Every structure is written in C-alpha cells, then in structure tokens.
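Here is the structure we will look at, set down as structure tokens.
There are 2 protein chains.
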Amino acid sequence: MSGWEVFYESLTPPDGFEETKRKLQEFCQRQSPQTKIVLVTSGGTTIPLEHNTVRFVDNFSAGTRGSASAEYFLGAGYAVIFVFRQKSLEPFSRHFMGQKFLNMLEMVDENECLSIKVKGSNVELLRPILHQYQEVERSGRLLQVPFTTLSDYMWLLRAASESLSSIGSRAMLYLAAAVSDFYVPMDKMPTHKMQSDAGPPTISLQLVPKVLKPLVNMWVPNAYVVSFKLETDTALLIKKSREALKKYNHKLVIANILQTRKFRVVFVFPDTDYEVTLNDQEIADNIEIESKIVDDLAKKHDNYISGMV
Amino acid sequence: MSGWEVFYESLTPPDGFEETKRKLQEFCQRQSPQTKIVLVTSGGTTIPLEHNTVRFVDNFSAGTRGSASAEYFLGAGYAVIFVFRQKSLEPFSRHFMGQKFLNMLEMVDENECLSIKVKGSNVELLRPILHQYQEVERSGRLLQVPFTTLSDYMWLLRAASESLSSIGSRAMLYLAAAVSDFYVPMDKMPTHKMQSDAGPPTISLQLVPKVLKPLVNMWVPNAYVVSFKLETDTALLIKKSREALKKYNHKLVIANILQTRKFRVVFVFPDTDYEVTLNDQEIADNIEIESKIVDDLAKKHDNYISGMV
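In order, the protein sequences belong to chains A and B. Sequential numbering from 1 applies to the first sequence in this note's numbering. Sequential numbering from 310 applies to the second sequence in this note's numbering.
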C-alpha cells in the first residue's frame with residue numbers, strides 16, 4: 001500500500017458519508033451533458049489535538065477565495081460542488097455576514113399587516129445577488145458539502161473526485177482549501193482535554209501524505225486540476241509551485257503570497273507563468289480578483305476540453 | 310513583576326487599542342446610574358504558530374454560549390460589552406447564519422417598484438428578534454469588541470475590566486470565552502510559514518499565566534465575577550471548579566461537560582453547588598439553557614449589589 005492508502009485506512013469517514021457520496025453522484029448525473037462541473041474546495045482544515053476535541057490546529061482561511069470563486073463559476077455557467085469548511089464563507093451569503101443583514105431590514109406596517117422589508121438603499125445591492133442565488137437554487141447547479149477536520153476533508157475530496165471521473169475533461173478541480181500539511185495520528189491523541197497541571201504539552205505532528213498524486217493520476221485522470229500555493233516568503237513561491245507541478249503532474253498552480261493575495265496571483269504552468277492582478281482602478285471599483293481568475297480558467301478549460309491544449 | 314505582568318510586557322496590543330479603550334470608557338460612562346453592565350466574553354482564542362500567520366492552535370467554540378447569553382442579558386435590562394472572537398456567533402444575527410437569510414427573502418414587484426421582502430412564514434420568527442435588536446441599537450446598550458488571538462483577548466479583557474471598575478458592584482464579568490491555557494512566545498515563533506520539507510515540526514507550548522487573579526483582586530475588586538470551566542471528563546469537573554474558586558477568589562464557576570453543555574451546567578460556589586438543566590419539554594420547546602443561566606445570575610447579582618450576599 002502507498003502512503004496515502006495507509007493514511008486513509010487510519011481515518012474514520014465523516015458522519016453521513018454514504019449519503020453524501022450518493023448526493024455527489026446524483027448531482028453529477030443530473031447535470032446536462034454539456035455542463036462543465038467544478039469542484040471548489042474552500043476554507044481551512046482542522047487537526048484535532050484530543051479525541052473529545054477542545055483544541056485543534058487550524059489553517060488561516062476565511063474561505064474568501066473559494067466562496068467568491070464558486071460564485072463566479074456559477075456565473076460562468078458551471079455546476080459547482082462546493083466542499084467548504086463549516087461556518088466559513090459561502091457563495092452569495094458571504095456578502096451579508098454578521099449584523100449586516102439585520103441592519104438592512106425595516107419593519108413596515110401596511111394596511112394593518114406587519115411585514116419586514118429590505119430598506120430602500122440596500123435593495124440595489126441585494127437584488128442581483130438574490131436573483132443569481134435563486135436562479136442557482138432553481139436550476140440545481142450548486143451542491144454544498146461541509147467539512148471540519150482534515151480527515152473529513154480527505155474523505156470528501158476523494159468521493160467528490162470519484163463522482164466527477166465519469167464526465168472526463170468537463171470536470172475541473174479548483175483546490176483552494178487551506179489543507180494542513182501535518183496531523184496528529186489517532187493513536188497519538190489523548191482522549192480527554194489536555195490538562196495544564198503537568199506543565200505545557202508538546203504537540204508532535206506527522207506529515208500528511210500528498211493525495212494530489214493519486215487524485216491526478218487515478219481518481220480523475222482526465223479532469224483539469226488546479227491547485228493553490230500560499231506562502232509568506234516570495235522567494236520560495238514560484239520554485240515551490242513548479243516543483244509541485246512536476247511532482248503531481250497536474251495542469252496549473254495558482255501561487256499567492258499571504259499579504260497580497262487579494263490583488264495579485266501568479267498562474268504557474270509547467271513551462272510558463274504569468275500574473276493575474278487588479279490595477280488601482282479595479283481595486284477602487286471593488287472588482288474581485290476571483291472574477292479574473294475564473295474568467296481566465298474557464299477559457300483554459302474550454303481549450304482543454306476541445307483538445308487544443 | 311508577577312508572571313502576568315511579564316506576560317503582558319511580552320505581548321503587542323491589538324490594532325486600534327487606544328481607540329477601543331476610549332470606546333469602552335465612553336460606553337460605561339454613557340449608561341444610566343442604575344444600569345447594570347455585564348462584560349460577556351465569547352468564542353475561542355487563537356495561538357499563532359508563525360509571525361506571518363498561516364497556522365494557529367484554536368479552541369473549540371462557536372460562541373453559542375456567549376452570544377445567546379448576551380442576548381438574554383440585554384433582555385434582562387443589562388448593558389452588554391460583548392468581547393467576541395471575530396466571525397464567531399453574535400447576538401441576534403446568530404439566528405440567521407449562512408444561506409438561511411437569503412432563503413427568507415423574496416422579490417416583490419409592487420406598483421412597478423421592485424422591493425425585497427421577508428417571506429410571510431418567516432416574519433413571525435424574525436419580528437421579535439429584529440425588534441429587540443433595533444431597540445438595543447437605539448438605546449446604545451450593546452458594545453461589540455472583536456478579538457482573534459490570545460494576545461488581543463488579554464489586552465481587551467484588561468481594558469474592559471478597568472473601564473468597569475468605576476461602577477463597582479453593578480458590574481458583572483461573565484467570562485465564557487474559551488481561552489487557551491498555552492501559547493507560543495513571540496521569540497520562539499518562526500517568521501514564515503513552517504516548511505514541511507524538513508519533516509514535521511514540533512510545537513512547544515508555554516503556560517499562559519492566570520489573569521483571573523489580578524482581575525478579581527486588582528482590576529475590578531467589587532464586580533461580580535463568573536468564570537466557566539469546560540471539561541470532557543466528568544470526574545474532574547467539580548473538583549477543578551472549586552480549586553479555581555479557592556485560587557482566584559471570585560464568586561462562581563459555571564461548570565460544564567463538552568458533550569452535555571447545551572442541556573446541563575453546574576453552578577459551583579465556594580460552599581455549595583447546584584445544577585441548572587433543561588428538561589425534555591424545554592428541549593422540545595427550543596428553550597435555551599442560557600435563558601435560565603442569565604435569569605438565575607441576574608437575581609444573584611441583584612442580591613450582591615444590595616449587600617445581601
């Protein structure tokens with residue numbers, strides 16, 4: 001058995017896994033034969049430090065990249081499987097977090113009938129988003145699947161990939177989730193909350209095997225696979241991206257630096273790379289870089305499907 | 310210097326700290342002389358593992374206890390300082406997370422004027438919450454202060470406590486946040502994202518000094534201070550709660566077990582303890598245990614203010 005097979009054997013599938021698998025398959029079968037389907041993963045995975053989990057290691061990610069991209073893929077006609085960290089940002093609702101939503105509402109007394117309305121100034125903002133959301137709901141083009149732990153994510157990634165394998169090159173995988181490189185094996189984990197009386201604990205982590213290799217080569221061999229690389233050190237970024245392409249044999253790494261990721265990414269292909277950026281005017285106009293990323297990718301994907309690449 | 314003083318010296322205050330301090334003081338001064346003010350802390354603190362933070366250790370907490378309690382304290386006439394983990398649950402909006410909000414809306418074309426309304430079936434649900442939210446906003450009885458890291462939390466806890474010291478026994482501190490016992494000192498932290506090439510890292514944690522001691526004895530000596538204890542092991546719970554009361558000299562520990570915390574807590578006083586629970590009927594009626602906790606506490610606090618305890 002390879003490292004990743006041993007790894008999967010050591011993990012328990014998430015609750016309701018068989019039902020989720022059924023939903024994934026049904027979703028892929030239900031789409032029309034021309035529809036492209038993208039799997040978007042989003043948000044960070046957790047590594048529990050105790051079986052009865054009070055503490056965990058987490059990866060910094062609000063799900064901004066993934067949730068915005070999912071919205072633009074839907075806008076570009078894709079069906080979207082959105083595998084996301086529970087409580088991270090979701091397409092559409094991401095625009096109205098926290099108390100923002102309550103601030104948009106007013107109570108209106110019309111003909112002695114009390115109703116609640118969106119205030120005039122907010123209608124223009126909300127209308128296009130609500131419109132697209134309702135259209136997506138009606139057409140059944142969005143399937144949301146939540147995860148919390150690294151283990152949940154691993155099982156769902158494989159199941160979603162396998163359900164996409166039947167549509168060949170029409171499938172894209174857009175792996176934007178911030179997946180931990182490390183984990184604490186089940187048998188190294190204490191059952192109860194770690195106690196501080198005995199002094200601070202030391203957490204020993206193990207490397208997570210790279211599943212991108214079986215994913216690209218076995219699970220979805222004909223799909224257009226895009227991975228992400230986030231670093232804080234510019235010097236490492238392109239080098240590490242190219243190494244990843246060589247090792248895993250997929251199509252594209254979208255590389256970004258933590259501090260500038262909202263304005264600048266680099267598309268790294270095996271033999272070329274170029275920047276996708278927002279200029280000052282676009283930033284002032286609240287253009288999201290994900291709209292440009294998805295635009296570019298949809299074209300690349302079309303070329304790939306028609307055998308031009 | 311005590312351990313906690315050294316600890317504070319090693320931490321950088323959060324962005325905009327002086328402005329936040331000013332807001333806290335202004336909030337406390339603005340309330341009427343009869344108003345009781347409660348500081349509710351809510352959600353988990355993070356411990357960054359890198360200066361440019363990609364990874365962090367987190368404490369399991371969605372902010373359910375804190376956000377629900379804040380709402381009931383407002384209902385009981387308190388002014389509330391809500392110090393909460395950014396993106397955790399907030400009072401009022403907690404009822405409408407994720408896509409729930411968009412599902413409640415419909416577009417209506419009235420006299421050629423497009424408006425957006427809450428659908429009929431949701432009006433009854435939303436009305437009392439929106440009503441209370443708007444009343445609280447108008448009366449200026451809620452101040453929300455977000456934190457992310459343990460360090461942010463520590464600074465804000467001290468500032469909020471100090472701003473409450475002027476109102477003496479009318480202040481309550483309801484410390485429901487899940488605060489880490491451990492941290493990684495600034496000088497032990499790598500600058501950039503930890504690289505996996507060299508094998509898995511080992512994270513060495515240090516104990517966080519207990520600030521409940523200076524808080525109770527120096528910062529707000531006349532306030533009614535309530536702390537929480539969460540364990541996964543029942544055998545430890547009451548024993549550890551009583552030890553905490555002895556050590557820190559505050560009024561009450563609310564003790565709970567991870568798995569049953571939504572239905573059962575134990576109020577542990579220095580010389581007595583009793584359970585606050587939901588019965589099956591209350592659970593079926595969606596009664597929240599925080600309503601009972603706050604009811605009980607508000608009475609205890611009144612007795613304390615009038616010198617009866």
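In this text, a Cβ means the ideal position worked out from N, Cα and C, and glycines have one as well. The structure displayed is predicted, hence computed values, not measured ones.
Give the residues of chain B in contact with residue i, contact being defined as C-beta atoms less than 9 Å apart.
i	result
A/T232	E359, H360, N361, T362, V363, T500, H501, K502
A/N59	V363, R364, F365
A/L130	L411, L414, E415, M416, I425
Does DSSP put residue i in a helix, a strand or coil?
i	result
B/P357	strand
A/L252	strand
A/I81	strand
B/E415	strand
B/D582	strand
A/N59	strand
B/K330	helix
B/L398	coil
B/E433	helix
A/M186	helix
B/S424	strand
A/P33	coil
A/K299	helix
A/T234	helix
B/L587	coil
A/Q206	strand
B/M503	coil
B/M481	strand
A/A178	strand
A/P214	helix
B/S448	helix
B/K538	strand
B/S615	coil
A/R264	strand
If residue i and residue j are in contact, beta carbons under 8 Å, what's the gap, nearest whole angstrom?
i	j	result
A/A255	A/T41	That belief does not hold up - the Cβ atoms of A/A255 and A/T41 are roughly 17 Å apart, past 8 Å.
A/V276	A/F269	Actually they do not touch by this definition, with Cβ atoms about 13 Å apart.
A/T148	A/R85	7 Å
A/K315	A/M104	Since the first residue shown for chain A is 1 and the last is 309, residue 315 of chain A is missing from the structure and cannot be characterised.
A/L212	A/S161	Going by Cβ atoms, the distance from A/L212 to A/S161 rounds to 10 Å, so no, they are not a contact pair.
A/F182	A/I47	7 Å
Given that a residue counts as buried once 16 or more other Cβ atoms are within 10 Å of its Cβ, and exposed if not, what is residue i?
i	result
A/S2	exposed
B/K345	buried
B/L360	Sequence check: residue 360 of chain B is His here, not Leu. Result: exposed.
B/C422	exposed
A/A171	buried
B/D461	buried
B/T354	buried
A/I6	The sequence shown places Val at residue 6 of chain A, not Ile. Label assigned to A/V6: exposed.
B/M527	exposed
B/P494	exposed
B/N368	buried
A/S121	exposed
A/Y274	exposed
B/T321	exposed
B/I596	exposed
A/V108	exposed
A/G43	buried
B/P342	exposed
B/A379	buried
B/A593	exposed
A/T191	exposed
A/S166	exposed
A/K246	exposed
At 7 Å on the CB atoms, spell out the chain A contacts of residue i, in chain order.
i	result
B/G407	E90, S93
B/S513	T202
B/V574	The contacting residues do not exist; B/V574 stays about 16 Å from chain A at best.
B/L567	N52, V54
Please list the partners that residue i has in chain A, where partner means a Cβ-to-Cβ separation under 9 Å.
i	result
B/T354	Residues of chain A passing the Cβ test: none, with the nearest at roughly 11 Å.
B/F436	Per the sequence presented here, residue 436 of chain B reads as Arg, with Phe not at that position. The answer, in chain order, is M107, L114, I116.
Counting only Cβ pairs nearer than 8 Å, list the residues of chain A close to residue i.
i	result
B/S550	What B/S550 touches in chain A: nothing, since even the nearest Cβ is about 14 Å away.
B/V432	L114, S115, I116
Please compile the residues from chain B whose C-beta is within a distance smaller than 7 Å of the C-beta of residue i.
i	result
A/Y133	L411
For chain D, check one thing: does any of its Cβ atoms lie closer than 8 Å to the Cβ of residue i?
i	result
B/L423	Checking the listed chains, one finds no chain D in this structure; the protein chains it contains are A and B.
Check your understanding: On the three-pair Cβ rule with 8 Å, is the segment 363-375 of chain B touching the segment 433-447 of chain B?
Key -> Contact annotation: the segment 363-375 of chain B does not touch the segment 433-447 of chain B, with fewer than three C-beta pairs closer than 8 Å.
Review point. Counting pairs of beta carbons, one from the segment 213-223 of chain A and one from the segment 284-303 of chain A, are three or more of them closer than 8 Å?
Key: no
**Study point:** the segment 540-547 of chain B touching the segment 470-487 of chain B, judged by at least three CB pairs closer than 8 Å
**Key:** no
Check your understanding: Can you find at least 3 beta carbon pairs, one from the segment 133-143 of chain A and one from the segment 82-102 of chain A, that sit closer than 8 Å?
Key -> Here the segment 133-143 of chain A lies against the segment 82-102 of chain A, with 3 or more beta-carbon pairs under 8 Å apart.
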